[in-house]
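Numbering (the working numbering), first residue to last: 379 to 628.
Structure (structure tokens):
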């Protein structure tokens with residue numbers, strides 16, 4: 379009877395450990411799926427806009443003229459990645475709404491930075507910053523009246539979920555007339571929110587939908603707690619097995 383009881387307890391612990399490890403590794407794989415790929419989509423909602431008719435030029439070289447565009451609050455700006463090379467991220471850019479909109483093709487991420495003023499010359503941040511080298515970015519914009527800070531409790535609703543994120547905040551004050559506040563996700567480099575102005579031009583946007591997994595503080599804490607719980611269960615299981623082994627020897 380004692381043997382059957384101990385055996386049932388052992389099986390119970392094994393099942394619980396298996397389920398927690400399955401959940402943990404599943405979350406870990408999802409959270410680490412942050413590399414850009416063809417077909418990834420970013421959708422931003424326009425919060426504020428000057429409502430002006432704007433020309434969209436890409437950065438130099440080659441300084442391509444893509445067309446004119448205009449947005450108003452509640453419009454969307456969508457960027458769908460169509461190709462990725464060693465030097466460029468390319469995609470299709472949609473600006474506007476169902477009735478009034480503009481679509482530009484083969485737009486590089488650096489073109490986004492220049493065309494929408496989401497960057498701080500000579501750094502072209504755009505929708506994707508190089509999150510693997512924040513120090514290099516900082517060195518590029520040292521003389522641009524820009525402050526850089528890390529924020530660990532930035533709250534935003536993305537894909538319908540209100541989460542807390544770690545971000546790198548860039549704040550530019552009157553750099554040849556440019557005023558910008560840019561929030562980039564620390565580990566992926568994805569632009570979460572931006573407010574930028576230059577002369578009569580003004581644009582404020584925030585990320586509302588994306589196919590790219592963006593790790594939040596909530597998920598990180600949950601994974602840490604899950605790993606601690608798995609360790610606790612494993613220790614308890616081995617203690618039971620050790621006691622069982624000692625009883626058999628007697």
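All C-beta atoms in this analysis are idealised placements derived from N, C-alpha and C, irrespective of residue type, glycine included.
Three Cβ pairs or more, each shorter than 8 Å: is that satisfied between the region 514-532 and the region 541-553?
Counting Cβ pairs under 8 Å, three or more are found: they touch.
Between residue 562 and residue 544, what straight-line distance do the alpha-carbon atoms span, to the nearest angstrom?
9 Å
Residues near residue 501 by beta carbon distance below 7 Å, same chain, minus five either side
515, 518 and 519
At 4 residues or longer, what runs of the alpha helix (DSSP H) sit wholly inside the region 497-538?
512-518
At a cut of 8 Å, does the region 411-427 reach the region 577-585 through at least three beta carbon pairs?
yes
Is residue 420 near the ligand FMN - that is, is its Cβ less than 6 Å away from at least one heavy atom of it?
With respect to the ligand FMN, the structure offers nothing, as it holds no ligand at all.
Taking Cβ positions, are residue 442 and residue 458 nearer each other than 7 Å?
no
Assigned secondary structure, residue 420 (DSSP; H/G/I helix, E/B strand, else coil):
strand
Taking 7 Å as the cut-off, decide whether the C-beta atoms of residue 576 and residue 556 are in contact.
yes
Does the Cβ of residue 533 have 16 or more other Cβ atoms within 10 Å, making it buried, or fewer, making it exposed?
exposed
Where does residue 570 fall in DSSP's three states?
In the displayed model, residue 570 falls within a strand according to three-state DSSP.
Give me the residue from 491, 567, 414 and 593 with the minimum Cα distance to residue 513.
567
Specify the secondary structure class of residue 488 as computed by DSSP and reduced to three states.
helix
Tell me which residues share the same chain as residue 478 and place their Cβ nearer than 6 Å to its Cβ, disregarding the 5 neighbours each side in the sequence.
none
According to DSSP, is residue 469 part of a helix, a strand, or is it coil?
Looking at residue 469 - three-state DSSP - the assignment turns out to be strand.
Reduced DSSP secondary structure (H/G/I, E/B, other) of residue 585
strand
At the level of alpha carbons, what is the spacing between residue 480 and residue 465?
26 Å
If you count every other CB in all the chains shown that lies within 10 Å of the CB of residue 578, and 16 or more means buried, which is it?
Counting other Cβ atoms within 10 Å of its Cβ, residue 578 stays below 16 and is therefore classed as exposed.
Can you tell me whether residue 578 is helix, strand or coil according to DSSP?
coil
Report, in whole angstroms, the separation of the C-beta atoms of residue 467 and residue 506, which I expect to be a contact under 8 Å.
Between residue 467 and residue 506 a beta carbon distance of about 6 Å is seen, short of the 8 Å cut, so the two are scored as contacting.
Measure the alpha-carbon distance for residue 495 versus residue 472 and round it to whole angstroms.
16 Å
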